[in-house]
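Residue numbers (my numbering): 997 to 1317.
Glycine included, every Cβ here is placed at the ideal spot set by N, Cα and C.
Values in this document were obtained by computation on a predicted structure and should not be read as measured data.
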């Protein structure tokens, strides 16, 4: 079975930069297998994201309990799903990375190396089939890549490499992925944009490791449904500090617009907080159908909630203190 290479494209890091020096010619191009830090266990969830649906719990939940915490966990769950898709594609790109190296090795710094559609391909072998069998890929399936552009930059640039892939399919008007990365894999950036007859989506992920070892991941997901003009925009920033293996700073924002019986309904959600082995807190703000809620979750050093403070429409609310 022939399978076109779709999905959210991966983020890579490759040895060497610019024109390959003689002492680098023996080194093979390589693809990293991870593009983010491990998510805090306090935010892990098996549920899926739907901002508007979850914020409706303001109306459905008599206790108005943990609305912000539930929403954040589900946003993080979707982010993990996106990252998992990207890291799956890393496996696919790894199968053709030597071909990219062979084709583009002599192209000079800053120049685009273009690889035509259908040139890059590989078959699912026994080892790989075990990793992707649950996703519908079978032993012997052929994965075919679309038009690919590869650029090498100098050592002085933030990123040393860039790949752009354009994938056009029967049910897709346009699909573009642009990936940039540094030689040491400390700077990784990915841009994905896809448009179909029904909707349009843009996803941006920026992952950095500082000189002190601090890890920062910023993700933004923008979705628009053409037929109803509904939209869902989500942004997440997670910083893993170096003073404590469980010390994280987190912030997020989510906006959604839907239409119920032609009436526009908007929802908004944001969070800020800090988690560590000593405990932590998360402070939430949200709005749905004109109702606003504020919530603060406090954790102990095991990540268990020890206190939840909640208020609606700023009535009897002194959460920030």
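DSSP places residue 1032 outside both helix and strand once states are collapsed to three, so it counts as coil. For the options 1104, 1114 and 1036, the alpha carbon positioned closest to that of residue 1076 is the one of 1036.
Inter-segment contact for the segment 1267-1286 and the segment 1240-1254 is present: three or more beta-carbon pairs are separated by less than 8 Å.
With 16 or more other Cβ atoms inside 10 Å of its own Cβ, residue 1252 counts as buried. Using a C-beta cut-off of 8 Å, the segment 1189-1199 makes contact with the segment 1208-1220, since at least three inter-stretch Cβ pairs fall below that distance.
In this structure, residue 1105 lies near residue 1150, with their beta-carbon atoms less than 7 Å apart. Under the DSSP assignment, residue 1123 falls in the alpha helix (DSSP H) whose first and last residues are 1122-1128. Straight across, the Cα-Cα distance linking residue 1293 with residue 1280 is about 8 Å. Between residue 1098 and residue 1145, the C-beta gap is not smaller than 7 Å, which leaves the two residues out of contact. Per the DSSP secondary-structure output, residue 1074 pairs with nothing in a beta bridge. The criterion of a C-beta distance shorter than 7 Å is not satisfied by residue 1238 and residue 1247. Residue burial annotation: residue 1278 is buried, with at least 16 other C-beta atoms found within 10 angstroms of its C-beta. When rounded, the separation of the alpha-carbon atoms in residue 1112 and residue 1092 is 14 Å. Unbroken alpha helix (DSSP H) stretches of 4 residues or longer found wholly inside the segment 1082-1151: 1122-1128, given in chain order.
As the crow flies, the alpha-carbon of residue 1193 is around 10 Å from that of residue 1170. Rounded to whole angstroms, the separation of the alpha carbons of residue 1152 and residue 1235 is 26 Å. Selection 1176, 1154 and 1024 evaluated against residue 1094 yields 1024 as nearest (Cα-Cα).
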